[in-house]
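>
In the UniProt record's numbering, the protein residues as written are 1 to 388.
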């Protein structure tokens with residue numbers, strides 16, 4: 001039993017069904033992901049058959065209705081999934097999965113019509129279609145109100161023009177949920193509409209695959225929309241009300257990213273403890289040094305605190321309570337936490353921690369974006385400050 005398991009067992013955040021799914025998922029990740037994903041880093045993508053087999057396990061649609069292949073579970077299923085994929089040590093794999101399950105497809109779940117869900121949801125939960133959400137632009141990241149992509153009504157269609165940037169699953173995705181300004185006279189965040197755009201739609205293309213510091217097995221793209229005609233039945237939710245859909249899903253996204261960060265941090269810490277207990281130095285092993293032990297103990301304490309913060313925010317969300325402040329705390333704290341823990345893990349691996357053959361080196365690169373994507377730390381702290 002790892003330190004993470006001990007903490008989980010002591011606090012019991014997951015019910016019996018989730019614990020069973022977690023055990024199956026953990027075995028799958030150990031044999032089919034962690035043992036193989038070095039090659040995926042070189043390929044720049046997670047193989048689609050791996051995602052389809054995750055669909056077969058039932059973990060790609062746990063939050064969705066059973067009629068679409070889901071399990072009708074609540075936010076704690078997303079927390080469990082995020083922790084476990086985070087433990088894989090491959091941030092790109094985690095991002096590929098969690099964008100599909102908890103950042104993109106929830107737009108369909110939250111705002112889609114019964115006809116739209118029947119059309120797309122079964123292939124989403126099975127892993128046959130992989131989803132992406134396209135909101136971020138070259139000049140508008142956390143500032144969604146600064147969006148410049150436009151959609152103009154033309155008969156029964158809408159014509160979409162613009163560029164999206166840093167889109168996870170952007171190269172190899174199948175279904176994209178795209179935000180566009182539909183009322184140019186509306187101020188600030190108003191006048192945004194969400195559209196479902198399928199791969200292969202004329203005028204829609206991948207501008208380029210982006211070369212990142214980390215998350216190398218996650219495909220990330222610049223997307224270009226040039227006079228893309230979108231039928232009105234592909235609008236998600238109400239026209240000009242898309243900003244509220246984006247903001248609603250940010251809550252789930254930030255809880256999931258916090259759980260993912262905690263899973264990553266715990267996995268890195270566990271392997272570092274194992275390493276320093278074996279690494280011989282100064283007539284003993286590194287673990288014999290009080291400074292090393294206490295710094296790693298401090299890491300464990302902060303990870304435990306982060307996980308409890310995640311569970312608390314998820315519990316509030318599951319109960320339908322306003323938890324913007326708590327979720328913003330999760331994103332700010334856990335995004336910084338995983339970077340701090342990985343800094344120490346690299347440090348205590350010494351020279352080996354700086355070598356590409358060492359998992360903590362890769363994990364340290366993967367961790368950096370956790371304080372940026374999904375809401376930068378500074379933006380999150382402002383959300384907290386507004387509610388103090």
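C-beta: ideal position from N, C-alpha, C; glycine also.
For residue 205 versus residue 92, is the C-beta spacing smaller than 8 Å?
No, these two residues do not count as a Cβ contact at 8 Å.
> Would you mind working out which of 158, 315, 105, 363 sits nearest residue 133, comparing C-alpha positions?
Per the Cα distances, 105.
> What does residue 194 pair with, by DSSP beta-bridge criteria?
Answer is 179, 236.
> Which same chain residues, not among the five before or five after residue 232, have their C-beta less than 6 Å away from its C-beta?
Correct list, in chain order: 156.
> What is the DSSP secondary structure of residue 135, counted as helix, strand or coil?
Correct three-state label for residue 135: coil.
> Between which residues of its own chain and residue 9 is the CB-CB distance below 6 Å, once the five residues before and five after are set aside?
Residue confidence for residue 9 is low, a pLDDT of 44 falling below 50, so the modelled location carries little weight and cannot support an answer.
> With a Cβ-Cβ cutoff of 8 Å, do residue 102 and residue 264 count as a contact?
No, they are not a contact pair.
> With 16 other CB atoms within 10 Å as the buried threshold, where does residue 323 fall?
So residue 323 counts as buried.
> Just curious, the alpha helix (DSSP H) that residue 228 is in, first and last residue?
Unbroken run through residue 228 is the beta strand (DSSP E), 220-231; no alpha helix (DSSP H).
> Who does residue 153 pair with in a DSSP beta bridge?
Paired residue(s): 158.
> Applying the criterion that 16 or more other CB atoms from any shown protein chain within 10 Å of the CB defines a buried residue, is residue 151 buried or exposed?
By the neighbour-count rule (16 or more Cβ atoms within 10 Å), residue 151 is buried.
> Comparing C-alpha positions only, which one of 371, 373, 341 sits nearest to residue 360?
With distances taken between Cα atoms, residue 360 lies closest to 341.
> By Cβ distance below 8 Å, which residues in the same chain neighbour residue 267 in space, the five residues on each side in sequence not counted?
4, 86, 87, 88, 89, 363.
> State buried or exposed for residue 121, treating a residue as buried only when at least 16 other CB atoms are found within 10 Å of its CB.
Buried.
> Could you tell me if residue 354 is buried or exposed, where buried requires 16 or more neighbouring beta carbons within 10 angstroms of its beta carbon?
Per the 10 Å Cβ criterion, exposed.
> Could you name the residues of the same chain whose beta carbon sits closer than 7 Å to that of residue 295, not counting the 5 residues immediately before and after it, in chain order?
Closer than 7 Å at the Cβ level, and outside the excluded window around residue 295, lie 344.
> Which of the three DSSP states, helix, strand or coil, is assigned to residue 243?
Correct three-state label for residue 243: helix.
> Just to confirm my understanding: we take residue 311, look at its own chain, exclude 5 residues before and 5 after, and list those with CB closer than 6 Å. What are they?
So the list reads 13, once near-sequence residues are dropped.
> Going along the chain, which residues of its own chain have a beta-carbon closer than 7 Å to the beta-carbon of residue 69, five neighbours each way excluded?
So the qualifying residues of the chain are 61, 122, 125, 126.
> Assuming residue 372 and residue 337 make a contact with CB atoms under 8 Å, what is their CB distance in whole Å?
So it is not a contact: roughly 14 Å between Cβ atoms.
> Buried or exposed: residue 48, going by 16 or more other Cβ atoms within 10 Å of its Cβ?
Looking at its Cβ environment, which holds fewer than 16 other Cβ atoms inside 10 Å, residue 48 is exposed.
> Under the three-state reduction of DSSP, which class applies to residue 276: helix, strand or coil?
Note: residue 276 maps to helix in three-state DSSP.
> For a test of the three-state rule: what should DSSP assign to residue 126, helix, strand or coil?
DSSP places residue 126 in coil when its eight states are reduced to three.
> Does the Cβ-Cβ distance between residue 260 and residue 82 come in under 8 Å?
Yes, these two residues count as a Cβ contact at 8 Å.
> Can you tell me the Cβ-Cβ gap for residue 325 and residue 238, rounded? I've got them flagged as a contact below 8 Å.
With 8 Å as the limit, residue 325 and residue 238 do not qualify as a contact, their Cβ atoms being about 27 Å apart.
> Just verifying my parser: in three-state terms, what is the DSSP assignment at residue 20?
Helix, per DSSP.
> Once you ignore the five residues that flank residue 19 on each side, which residues in its own chain have a CB closer than 7 Å to its CB?
Closer than 7 Å at the Cβ level, and outside the excluded window around residue 19, lies no residue.
> For residue 137 versus residue 148, is the C-beta distance shorter than 8 Å?
Going by C-beta atoms, residue 137 is nearer than 8 Å to residue 148.
> Would you list, in sequence order, the uninterrupted alpha helix (DSSP H) runs of no fewer than 4 residues that lie entirely inside the segment 251-338?
Taking only runs of at least 4 residues, the alpha helix (DSSP H) segments lying wholly in the segment 251-338 are 290-318.
> Are there 16 or more other CB atoms within 10 angstroms of the CB of residue 388, so buried, or fewer, so exposed?
Residue 388 should be labelled exposed.
> Buried or exposed for residue 243, please, with buried defined as at least 16 other CB atoms from any protein chain shown within 10 angstroms of its CB.
Per the 10 Å Cβ criterion, buried.
> Can you tell me whether residue 357 is buried or exposed? The criterion is at least 16 other CB atoms within 10 Å of its CB, across all chains shown.
With fewer than 16 other Cβ atoms within 10 Å, it is exposed.
> Kindly identify the DSSP beta-bridge partner or partners of residue 358.
DSSP, once it has assigned bridges, lists no residue as partnering residue 358.
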